[in-house]
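K.L.:
Pasting a structure here, questions to come.
Numbering (our numbering), first residue to last: 4 to 409.
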């Protein structure tokens with residue numbers, strides 16, 4: 004691909020952290036390549052995804068997208084947490100249940116649950132879902148044992164009740180991801196209080212790489228993306244990054260942005276013990292070195308719509324978050340959206356999947372397109388009026404702007 008002049012964003016470094024999911028880097032790369040190709044069809048762009056390099060702490064590859072008069076190269080990196088999450092999946096089933104229930108009640112017995120109902124009642128109900136499934140499994144086992152105690156006797160009936168309980172747990176885990184939900188709460192309970200040493204080391208390593216990229220001015224933009232619980236981790240990474248950067252944004256031409264999507268920041272930030280996250284959020288929202296855009300969707304029960312996370316945590320941000328709505332029905336066909344109606348996890352992941360319709364939000368426009376994150380986030384229509392049917396820049400497309408003043 005040739006690089007024409009007049010480019011808005013020619014080069015970008017993306018650092019992505021996903022939420023609590025076991026997706027291996029190789030699988031994520033394959034999906035990224037397919038979705039980038041779909042992005043190209045939607046926005047009339049030529050696209051190309053390079054081969055992956057999978058390292059113990061990161062996975063990385065290059066991506067390119069181009070229209071008739073623009074070309075953007077992206078160095079895409081994932082801070083790996085899949086192997087850390089896998090440790091929870093390797094526990095025996097009884098330990099997964101015990102750790103999960105303990106983590107869940109850490110939030111249910113905390114003022115956090117009140118905040119969930121205040122800022123996102125659907126999220127609050129979603130929080131109660133694993134507890135409801137556990138209660139249903141216990142009741143099913145108890146009812147079976149009691150019903151069979153007459154004809155079978157107490158011991159066989161007890162064993163039968165335990166078998167029914169185990170079967171119910173297996174059913175809920177396969178159909179409604181019970182184990183994953185429980186392990187997610189166990190992970191969140193720890194994350195609210197501290198970063199585990201290995202996770203902290205990975206975030207610190209990534210922050211130093213980003214700092215070097217900013218100082219060398221190797222890219223037009225550095226974009227830090229966090230999805231779900233990854234949004235919490237990306238804020239911690241941003242705090243580490245800011246600690247080593249000069250406060251004057253004019254010291255580097257590279258613009259820095261945070262993009263949180265389907266965020267679980269308030270899941271953690273509303274917990275009484277989450278002082279580390281509130282400190283990181285305060286650092287981000289008081290800095291003039293970067294901008295933070297937060298996208299949420301009413302279609303997703305696992306995020307908090309219409310809320311500025313910093314304000315909900317009781318902070319007074321110097322630079323408020325750009326809070327924007329991602330409307331899935333604008334992004335994909337009605338048939339595709341109906342297919343996701345009861346698939347809550349896949350719907351939650353739609354934030355980083357390709358859109359088949361031009362809309363105000365498109366993950367790949369942020370990650371691989373020619374526009375700065377801040378420009379896209381501040382535009383009511385995203386890039387809909389900035390690219391014509393042939394994929395060329397229109398007269399309404401923004402030019403390059405300097406980072407905001409301190």
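Virtual Cβ for every residue (Gly too), placed ideally from N, Cα, C.
Which of the three DSSP states is assigned to residue 247 in this structure?
P.N.:
In the chain shown, residue 247 corresponds to position 244, counting from 1. Of the three classes helix, strand and coil, the one that applies to residue 247 here is coil, per DSSP.
K.L.:
Residue 271 and residue 262 look like a contact to me (Cβ under 8 angstroms); what is the Cβ gap, rounded to whole Å?
P.N.:
As a position in the chain shown, residue 271 is number 268, starting the count at 1. As a position in the chain shown, residue 262 is number 259, starting the count at 1. The pair is not a contact, with the Cβ atoms about 18 angstroms apart (cut-off 8 angstroms).
K.L.:
Beta-carbon separation of residue 355 and residue 230 under 8 angstroms?
P.N.:
Indexing the chain shown from 1 puts residue 355 at position 352. Indexing the chain shown from 1 puts residue 230 at position 227. Contact: yes.
K.L.:
Going by the CB atoms, is the gap between residue 32 and residue 59 shorter than 8 angstroms?
P.N.:
Translated into positions along the chain shown, residue 59 becomes position 56. Translated into positions along the chain shown, residue 32 becomes position 29. No. Outside cutoff.
K.L.:
Could you spell out where the alpha helix (DSSP H) holding residue 150 opens and where it closes?
P.N.:
Taking the first residue of the chain shown as 1, we reach residue 150 at position 147. Per DSSP, residue 150 belongs to the alpha helix (DSSP H) from 124-155.
K.L.:
Quick one: is residue 302 buried, meaning 16 or more other Cβ sit within 10 Å of its Cβ, or exposed?
P.N.:
Within the chain shown, the letter at position 299 stands for residue 302. Its Cβ being crowded by 16 or more others within 10 Å, residue 302 is buried.
K.L.:
With a threshold of 8 angstroms between beta-carbons, can residue 193 be considered close to chain B, or not?
P.N.:
Absent from the structure: chain B. Only one protein chain is present.
K.L.:
Please report how far the alpha carbon of residue 156 lies from the alpha carbon of residue 166, in whole angstroms.
P.N.:
Here the question's residue 156 lines up with position 153 in the chain shown. Here the question's residue 166 lines up with position 163 in the chain shown. Whole-angstrom Cα-Cα distance: 15 angstroms.
K.L.:
Express the C-alpha separation of residue 382 and residue 26 in angstroms, rounding to a whole number.
P.N.:
Along the chain shown, read from residue 1 onward, the residue named residue 26 stands at position 23. Along the chain shown, read from residue 1 onward, the residue named residue 382 stands at position 379. Those two C-alpha atoms are separated by around 32 angstroms.
K.L.:
At which residue ranges does the region 328-374 contain complete beta strand (DSSP E) runs of 3 or more residues, listed in the order of the chain?
P.N.:
Under the rule that a run must span 3 or more residues, no beta strand (DSSP E) segment is found entirely inside the region 328-374.
K.L.:
Taking only three categories from DSSP, how would you classify residue 9?
P.N.:
Sequence index remark: in the chain shown, residue 9 carries index 6 (1-based). Residue placement at residue 9 is flagged as unreliable, the pLDDT there being 40, under the threshold of 50; the coordinate-derived value follows with that caveat. Here residue 9 sits in coil by DSSP.
K.L.:
Can you tell me whether residue 4 is helix, strand or coil according to DSSP?
P.N.:
By 1-based counting over the chain shown, the position of residue 4 is 1. Model confidence at residue 4 stands at a pLDDT of 39, short of 50, so the residue's coordinates are unreliable; what they give is reported in the following sentence. Three-state DSSP puts residue 4 in coil, outside helix and strand.
K.L.:
Measure the C-alpha to C-alpha separation of residue 72 and residue 50 and round it to an integer number of angstroms.
P.N.:
Within the chain shown, numbered from 1, the residue matching residue 72 stands at position 69. Within the chain shown, numbered from 1, the residue matching residue 50 stands at position 47. Rounded to the nearest angstrom, the two C-alpha atoms are 14 angstroms apart.
K.L.:
Pick from 214, 177 and 329: whose alpha carbon is nearest that of residue 364?
P.N.:
Residue 364 sits at position 361 when you count from the first residue of the chain shown. Here the closest residue by C-alpha is 329.
K.L.:
Output needed for residue 114: all residues of its chain with C-beta closer than 7 angstroms, excluding positions within five of it in sequence on either side, in chain order.
P.N.:
In the chain shown, counting from the first residue as 1, residue 114 sits at position 111. Hits under 7 angstroms: 275.
K.L.:
What are the uninterrupted segments assigned as alpha helix (DSSP H) that are 4 or more residues long and contained completely in the region 285-326, given in chain order?
P.N.:
Every alpha helix (DSSP H) of 4 residues or more that sits fully in the region 285-326 is shown, in chain order, as 312-315.
K.L.:
Determine the direct distance from the alpha carbon of residue 245 to that of residue 286, and round the result to whole angstroms.
P.N.:
Start at 1 with the first residue of the chain shown, and residue 286 comes out as number 283. Start at 1 with the first residue of the chain shown, and residue 245 comes out as number 242. Rounded to whole angstroms, residue 286 to residue 245 spans 8 angstroms at the Cα level.
K.L.:
Please indicate yes or no: does the CB of residue 363 lie closer than 7 angstroms to some heavy atom of the ligand FAD?
P.N.:
Here there are no bound small molecules, and the ligand FAD is not part of this structure.
K.L.:
Grab the span of the beta strand (DSSP E) containing residue 76 for me, first residue to last.
P.N.:
Here residue 76 refers to the residue found at position 73 when the chain shown is read from its first residue. It spans 73-82 - the beta strand (DSSP E) in which residue 76 sits, taken as one unbroken run.
K.L.:
Kindly identify the DSSP beta-bridge partner or partners of residue 89.
P.N.:
Position 86 of the chain shown, counting from 1, holds the residue named residue 89. According to DSSP, which records beta bridges pairwise, residue 89 is partnered with nothing at all.
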